[in-house]
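>
Numbering (the working numbering), first residue to last: 106 to 406.
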């Protein structure tokens with residue numbers, strides 16, 4: 106766990122992660138952080154501040170980050186996921202009849218740890234967050250797609266690192282350290298690309314908002330983040346943009362919610378409390394509701 110963000114703050118990035126010991130391949134650790142690069146360095150003793158006491162066990166360092174789950178809308182949501190992943194035998198996010206791990210101390214194999222991850226992603230509370238799984242290791246990828254417990258679902262968004270690592274070249278210190286540094290580089294590239302994408306999107310949205318009065322494409326309401334008195338409601342409004350850089354769609358967040366909810370009702374026959382995806386009313390590309398909301402909340406802050 107990493108305590109840098111406030112509980113209500115909308116993070117640019119927050120993930121839960123699975124560590125695996127490089128010298129002791131059957132040792133694992135589950136945690137969460139807004140900065141996986143710094144946290145991995147703490148786990149490996151490269152940074153002394155920040156705790157990481159449980160990964161100091163003799164003979165387990167260095168660790169590699171094998172898998173991450175990102176896209177959490179808040180620190181609280183990430184901590185809930187982390188706790189459930191660490192305690193699969195008792196979490197309320199897995200039905201008792203679906204539990205793979207039924208008692209404390211169980212669930213130590215990589216097959217079970219990834220199966221628990223899939224079960225959590227199936228739960229409606231986490232499903233609407235459209236979380237993204239990223240796999241950094243070739244053998245972890247094989248276990249994921251082998252799907253021993255037959256829990257795969259098409260809605261789970263899985264990213265496979267193109268440069269995913271094989272097993273360490275040997276058990277000697279040089280091979281182990283080399284493997285750890287390569288893994289750290291993969292995590293740096295992944296984390297950097299996530300932050301860059303988020304920053305570029307927000308920069309473009311803020312540029313458009315700074316132009317002054319904008320009209321909702323759905324309800325025709327005027328929204329002005331520069332001068333609230335020009336807005337129809339005279340208050341700051343949560344707004345939505347399309348993630349397609351060449352699309353100029355803009356609306357009230359509540360209006361886009363109604364469109365997405367209506368479309369999902371037509372597809373499924375059920376009215377969703379929170380939609381998962383929907384088409385941009387302007388360019389028709391698929392938008393992830395959780396991502397739209399995250400950006401809206403960060404613009405509003």
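Cβ atoms here follow ideal geometry from the backbone N, Cα and C, with glycine treated the same way.
Can you tell me which of 355, 219 and 284 puts its alpha carbon nearest to the alpha carbon of residue 313?
Per the Cα distances, 355.
> Do you know whose CA, among 276, 383, 144 and 194, lies nearest residue 210's CA?
Comparing Cα-Cα distances from residue 210 to each of 276, 383, 144 and 194, the minimum goes to 194.
> Just the C-alpha distance for residue 149 and residue 161, rounded to the nearest angstrom, thanks.
Rounded to the nearest angstrom, the two C-alpha atoms are 8 Å apart.
> Leaving out five residues on either side along the sequence, give the residues of the same chain with a beta carbon under 8 Å from the beta carbon of residue 396.
Around residue 396: 176, 235 and 348.
> Between 346, 322 and 315, which has its C-alpha nearest residue 332's C-alpha?
Of 346, 322 and 315, the residue nearest in Cα terms is 315.
> Suppose you measure from the CA of residue 187 to the CA of residue 262; what does that come to, to the nearest Å?
Roughly 18 Å between the two C-alpha positions.
> Tell me the DSSP bridge mates of residue 74?
One cannot answer for residue 74 here, as it falls past the ends of the chain, which runs 106 to 406.
> Tell me, to the nearest whole angstrom, how far the beta carbon of residue 125 is from that of residue 168; I am working on the premise that it is less than 8 Å.
Right, their Cβ atoms sit about 7 Å apart.
> For the segment 330–377, which segments carrying the beta strand (DSSP E) assignment without a break, of at least 3 residues, lie completely within its bounds, in sequence order?
With a minimum length of 3 residues, the continuous beta strand (DSSP E) runs that stay inside the segment 330–377 are 344–346 and 355–357.
> Would you report the Cα separation of residue 219 and residue 285, rounded to the nearest angstrom?
Their backbone Cα atoms lie some 21 Å apart in a straight line.
> On the CB-based measure, 16 or more other CB atoms within 10 Å of its CB, does residue 215 come out buried or exposed?
With 16 or more Cβ atoms within 10 Å of its Cβ, residue 215 is classed as buried.
> Which residues in the same chain have their Cβ closer than 7 Å to the Cβ of residue 385, if we skip the five residues on either side of it in sequence?
Cβ neighbours of residue 385 beyond the five flanking positions: 347, 349, 352, 354 and 392.
> To test your reading of the DSSP string, which unbroken alpha helix (DSSP H) runs of 4 or more residues are found completely within the segment 140–220?
Taking only runs of at least 4 residues, the alpha helix (DSSP H) segments lying wholly in the segment 140–220 are 141–148 and 180–191.
> Under 9 Å between the Cβ atoms of residue 280 and residue 400?
It is not a contact, given that the beta carbons lie outside the stated cut-off.
> Does at least one heavy atom of the ligand ATP sit under 8 Å from the Cβ of residue 248?
You won't find the ligand ATP in this model; it holds no ligand whatsoever.
> What distance in whole Å lies between the Cβ atoms of residue 238 and residue 178, which are believed to be in contact at a cut-off of 8 Å?
At roughly 17 Å, the Cβ-Cβ gap does not stay under 8 Å, so residue 178 and residue 238 are not in contact.
> Compute the Euclidean distance between the alpha carbons of residue 146 and residue 290, then round it to the nearest angstrom.
Residue 146 and residue 290: Cα-Cα distance of roughly 11 Å.
> Does DSSP put residue 228 in a helix, a strand or coil?
Coil, per DSSP.
> Assuming residue 242 is part of the beta strand (DSSP E), what are its boundary residues?
From DSSP, the beta strand (DSSP E) with residue 242 extends over 237–242.
> At what residues does the beta strand (DSSP E) containing residue 135 begin and finish?
Per DSSP, residue 135 belongs to the beta strand (DSSP E) from 133–138.
> In this structure, how does DSSP classify residue 266 when only helix, strand and coil are distinguished?
Residue state, collapsed to three classes: strand.
> Within a Cβ cutoff of 6 Å, which residues of the same chain sit near residue 330, ignoring the five residues on either side of it in sequence?
If we look at residue 330 and ignore the five residues flanking it on each side, its Cβ neighbours are 314.
> For residue 402, does the three-state DSSP call read helix, strand or coil?
Of the three classes helix, strand and coil, the one that applies to residue 402 here is helix, per DSSP.
> Determine the closest residue to residue 139 out of 184, 164, 166 and 128, with distance taken between C-alpha atoms.
That would be 184, whose Cα lies nearest to the Cα of residue 139.
> Find the nearest neighbour of residue 141 within the set 266, 345 and 174, judged by alpha-carbon distance.
Taking only the C-alpha atoms, the option nearest residue 141 is 174.
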